[in-house]
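Accompanying notes for the structure given below.
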Amino acid sequence: MAFSLNKVMLIGNLGRDSETRVSPSNVSVTTFSIATENSYKGKDGNWVNETTWHNLVSFNLSDYFKEVLKKGAKVYVEGRIQTDNYTDKDGNKKYSTKIITDRIIPLDGRSSDTSSSSSSQNSSEGETIAPEGEAEDLPF
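Residue numbers are given in the working numbering: position 119 of the sequence shown equals residue 1589, and the series is strictly consecutive.
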């Protein structure tokens, strides 16, 4: 099998408060959007700011992060791109692209007790958790 990579890293500001719902299989699904900016010098020599909006989906986020993900908050997000398609009522095929998050880190100083969260790993950034029963064997 050939190597492939689907990895996204974004820093941006939330455009709206996050919304959480529970799926029929009892999975918490949190959606939000962030804006990123790209600046470049136009042909006329003036700087142009270009804003791109990204739709994000997180699974089983802690209540803490549901409260932190408010409009205007600056966050660092890691995840992967997922594109879905559907057919609208007129028979046209439509595509929807979103980022499935793996890690979220608030960057605007609102988080004092936790520095990161992940929908696939629950430890804080930089924190190592010893397997059960091995904590006493650590040399520090």
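Built from N, CA and C at the ideal position, the CB exists for glycine as well.
{"Query": "Is it buried or exposed for Pro1576, if we count other Cβ within 10 angstroms and need 16 for buried?", "Result": "buried"}
{"Query": "Where does Ala1543 land, buried or exposed, given buried means 16+ other C-beta within 10 angstroms?", "Result": "buried"}
{"Query": "Please work out which residues of its chain come closer than 6 Å, Cβ to Cβ, to Thr1522, disregarding the five sequence neighbours upstream and downstream, and give them in chain order.", "Result": "Thr1506"}
{"Query": "Are the CB atoms of Ser1528 and Trp1517 within a distance shorter than 7 Å?", "Result": "no"}
{"Query": "Distance check for Asp1514 and Ala1472, CA to CA, integer angstroms please.", "Result": "44 Å"}
{"Query": "Can you name the residues that DSSP bridges to Gly1549?", "Result": "Val1478 and Thr1571"}
{"Query": "Do Leu1475 and Val1547 come within 7 Å of each other at the CB atom, strictly closer than that value?", "Result": "no"}
{"Query": "Please identify the residue among Leu1526, Glu1489 and Ser1498 whose C-alpha is closest to the C-alpha of Gln1552.", "Result": "Leu1526"}
{"Query": "Can you tell me whether Val1518 is helix, strand or coil according to DSSP?", "Result": "strand"}
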